[in-house]
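Colleague:
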Amino acid sequence: MASAGAYKRLNKEYLQLQKDPPEFAIAKPSERNILEWHYIITGPPDTPYHNGQYYGTLHFPADYPFKPPSIKMCTPSGRFQCNTRLCLSISDFHPKSWNPSWQVSTILTGLVSFMTSEEMTTGGLSTSHAARVMYARDSRASNLKNSTFVREFPEICEENRVHVAAQDAATQKLRETSGTKEMEGSAVQNLEHAQAQLQGTGGGVTKLLVGAGVLIVILVLGRLLGES
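Note that the UniProt record's numbering has the sequence shown beginning at 1, numbered continuously upward.
#1: Just the C-alpha distance for Pro21 and Ser128, rounded to the nearest angstrom, thanks.
#2: Using DSSP with H/G/I as helix, E/B as strand and the rest coil, what is Gln53?
#3: Between which two residues does the alpha helix (DSSP H) harbouring His129 extend?
#4: Given this structure, state the Cα-to-Cα distance separating residue 230 from Leu144, to the nearest angstrom.
#5: Quick one: what does DSSP say Ile107 is sitting in, helix, strand or coil?
#6: Give a yes or no on whether the C-beta atoms belonging to Gly52 and Ser117 are separated by under 7 Å.
#7: Let me make sure I understand the geometry here. Which of Ser97, Ile90 and Ile26 has the alpha-carbon closest to that of Thr42?
#8: Starting from residue 230, trace the beta strand (DSSP E) in both directions and tell me its first and last residue.
#9: On the three-state DSSP scale, how would you describe Met115?
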């Protein structure tokens, strides 16, 4: 249970966060326990996390602000292990370096800064740029599978469902377009092969015209399928 001082301080910080949130982050306390906070970091531009959505938790001690919170990230990112306490100067791993004047906004700003660096720590991961881009792309779909995220951020879940549906539709369209191009390329190769075989043979012109007609039909069908 939170002390009176912690309760007052965290309520005050929540009001401040609503008025002036830190860049790339939002956070709020659980309705059931003011010591349990839930945050979302939006990946900054010019990083492999760009437009990714990273959900995590802050667990404050009962005597906050005199001791720091534990920090976890729950969304796969390629930067941090999921659901693992992170060793940061602003976390409970380093109570001696904690400054009671620091706030939730300070913690979130520090977490974003550390995330976009390559400094290693307990709970950190070293993965490729491409892997982190992939995790960013899939982050909203991943969060929709997290029951705690769904409970704490119902309005953002609605936005995520729209985003994921649009993303899936675009991916499917790309696959269909790619398939159509492959079919067209195969048809052209087949006709070129037929031309080579018919050169110098009797009746070759007639057969070649038939082959060209088949190619045209295939190309038209491919275009129609790609546009549907």
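Glycine included, each C-beta is placed from N, C-alpha and C at the ideal position.
Modeller: To lay it out plainly:
#1: Position 21 of the sequence shown holds residue 21. Position 128 of the sequence shown holds residue 128. Between Pro21 and Ser128, the C-alpha separation is close to 30 Å.
#2: Here the question's residue 53 lines up with position 53 in the sequence shown. Gln53 falls in the strand class under three-state DSSP.
#3: Taking the sequence shown and counting its residues from 1, the one referred to as residue 129 is at position 129. Residues His129 to Leu144.
#4: The chain is shown from 1 up to 228; residue 230 falls before or after that span and cannot be answered.
#5: Position 107 of the sequence shown holds residue 107. Three-state result, Ile107: helix.
#6: Translated into positions along the sequence shown, residue 52 becomes position 52. Translated into positions along the sequence shown, residue 117 becomes position 117. Cβ distance not < 7 Å, so Gly52 and Ser117 don't count as in contact.
#7: Your numbering for residue 42 matches position 42 in the sequence shown. Minimum Cα distance to Thr42 is reached at Ile26.
#8: Outside the shown range of the chain, which is 1 to 228, sits residue 230, and nothing can be said about it.
#9: By 1-based counting over the sequence shown, the position of residue 115 is 115. Note: Met115 maps to helix in three-state DSSP.
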